[in-house]
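Enquirer: The structure is given below, and queries will be raised subsequently.
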Amino acid sequence: MSDRSGEHGGPGLSSGGGADAGAAELADTPESWPVEGREEHFKGRIVEVRTDRVRMPNGDTTEVVQRDIVIHPGSVGVIGLDDQDRVLLIRQYRHPVGRLLWEPPAGLRDVDGEPPWRTAARELAEEAGYRAREWHTLVDVFTSPGMTNERVRVFLARGLSEIPEEEIDFERIHEEAGMPVAWVPLDEAVAAVRRGHIHNPLAVMGILSVYAARETGYRDLRAPDAPEG
1 MSDRSGEHGG PGLSSGGGAD AGAAELADTP ESWPVEGREE HFKGRIVEVR TDRVRMPNGD
61 TTEVVQRDIV IHPGSVGVIG LDDQDRVLLI RQYRHPVGRL LWEPPAGLRD VDGEPPWRTA
121 ARELAEEAGY RAREWHTLVD VFTSPGMTNE RVRVFLARGL SEIPEEEIDF ERIHEEAGMP
181 VAWVPLDEAV AAVRRGHIHN PLAVMGILSV YAARETGYRD LRAPDAPEG
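FYI, in full-length UniProt numbering the residues of the sequence shown are 1 to 229.
Have a look at this one:
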């Protein structure tokens, strides 16, 4: 039987003449094609919508095509993990999809100059009422790169402790009011993801990333302030 593992970008990823590419080569790279013009359609409290006219290569010629883009400030998420191998999840109403979703604490990167992990720590405190002693970067993603520039960094927080009631100086309102907090065994959370019972992308990515990190003894985690590629 022939080895077909290198086909279709599989584990035997090859480049050019078929030589196996090292893991260091499997990385997204910056690229910017010329924009001939743009039209702004909408500017809301959080997002903007515009259409760019992008000049794209097409063999020996080029053509200009329109691409609609949602401009987003970016987000962070936090997977809290306790010493019993349980992950912290909250349940929040999400109006666009008409569902109550199990999610990690998360929020917008809407404070200028604030390091993402500090934004994550603030969201962990405000949404779940916990603080963490140890922080690592789990995963970096573009949530839907075909339509938005939203960038998300999901962190792993360990050494969690509940914030005393007398130290809480914020009020949860709107979707955040009355959100339940649950500690879920990691294996059960992974099973829920695989059964299609959890849909929030930060939850899915974060839970599976923690599961993968556990398999290597958490040896390969990045620092909370690791550069964003």
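Note that the Cβ used here is the ideal one computed from N, Cα and C, for glycine as well.
Can you check the UniProt domain "Nudix hydrolase" (70 to 206) for any alpha helix (DSSP H) of at least 4 residues that lies completely inside it and give the ranges in chain order?
Expert: With a minimum length of 4 residues, the continuous alpha helix (DSSP H) runs that stay inside the UniProt domain "Nudix hydrolase" (70 to 206) are 116 to 123, 186 to 194.
Enquirer: In the structure shown, what three-state DSSP assignment does R219 receive?
Expert: coil
Enquirer: For V64, does the three-state DSSP call read helix, strand or coil?
Expert: strand
Enquirer: In angstroms, rounded to a whole number, what distance separates the CA positions of Q84 and P185?
Expert: 8 angstroms
Enquirer: Determine the extent of the beta strand (DSSP E) in which T51 is found, giving its start and end residues.
Expert: 48 to 58
Enquirer: What would DSSP say about E25, mapped onto helix, strand or coil?
Expert: helix
Enquirer: Taking the beta strand (DSSP E) that E40 falls in, what are its first and last residues?
Expert: 35 to 43 is the span of the beta strand (DSSP E), which, as asked, contains E40.
Enquirer: Reducing DSSP to helix, strand and coil, say where A212 ends up.
Expert: Reduced to three states, the DSSP call for A212 is helix.
Enquirer: Short check: CB of I198 to CB of L108, under 9 angstroms?
Expert: no
Enquirer: Relative to the C-alpha of V141, which candidate in T119, R67, E134, E228 has its C-alpha closest?
Expert: E228
Enquirer: Based on Cα-Cα distance, which residue from V35, I69, E63 lies nearest to E48?
Expert: I69
Enquirer: Among residues of its own chain, excluding the 5 on either side of P104, which ones have a beta-carbon nearer than 6 angstroms to its beta-carbon?
Expert: Excluding sequence neighbours, P104 sits near G77, V78, I79, L202, A203, G206.
Enquirer: To which residues of the same chain is S75 closer than 7 angstroms at the C-beta, ignoring the five residues directly before and after it?
Expert: A106, G107, L108, R109, E150, V152
Enquirer: Drop a sphere of 10 angstroms on the beta-carbon of W33, count the other beta-carbons inside from all chains shown, and report buried for 16 or more, exposed for fewer.
Expert: Exposed, by the Cβ-count rule.
Enquirer: Got a sec? Which residues, its chain only, sit under 6 angstroms from V193 by beta carbon, not counting five neighbours each side?
Expert: V204, I207
Enquirer: If we ignore side chains and look at the alpha-carbon of each, how far apart do T61 and V35 end up?
Expert: Cα-Cα distance, rounded: 16 angstroms.
Enquirer: Could you check the C-alpha separation between E167 and A213 for me, to the nearest Å?
Expert: One C-alpha to the other measures close to 33 angstroms.
Enquirer: Would you kindly check if the distance between the Cβ of A189 and the Cβ of A157 is under 9 angstroms?
Expert: At least 9 angstroms separates the beta-carbon of A157 from that of A189.
Enquirer: Between P224 and Y211, what straight-line distance do the alpha-carbon atoms span, to the nearest angstrom?
Expert: 18 angstroms
Enquirer: Rounding to the nearest angstrom, what Cα-Cα distance links L81 and S161 in this structure?
Expert: 11 angstroms
Enquirer: V139: buried (16+ other C-beta within 10 angstroms of its C-beta) or exposed?
Expert: buried
Enquirer: Alpha carbon to alpha carbon, how far is I71 from T143? Give it in angstroms, no decimals.
Expert: 12 angstroms
Enquirer: Rounded to whole angstroms, what's the CA-CA distance from E39 to R53? Just pull it up for me.
Expert: 9 angstroms
Enquirer: For a quick check, are the C-beta atoms of V181 and A128 less than 9 angstroms apart?
Expert: yes
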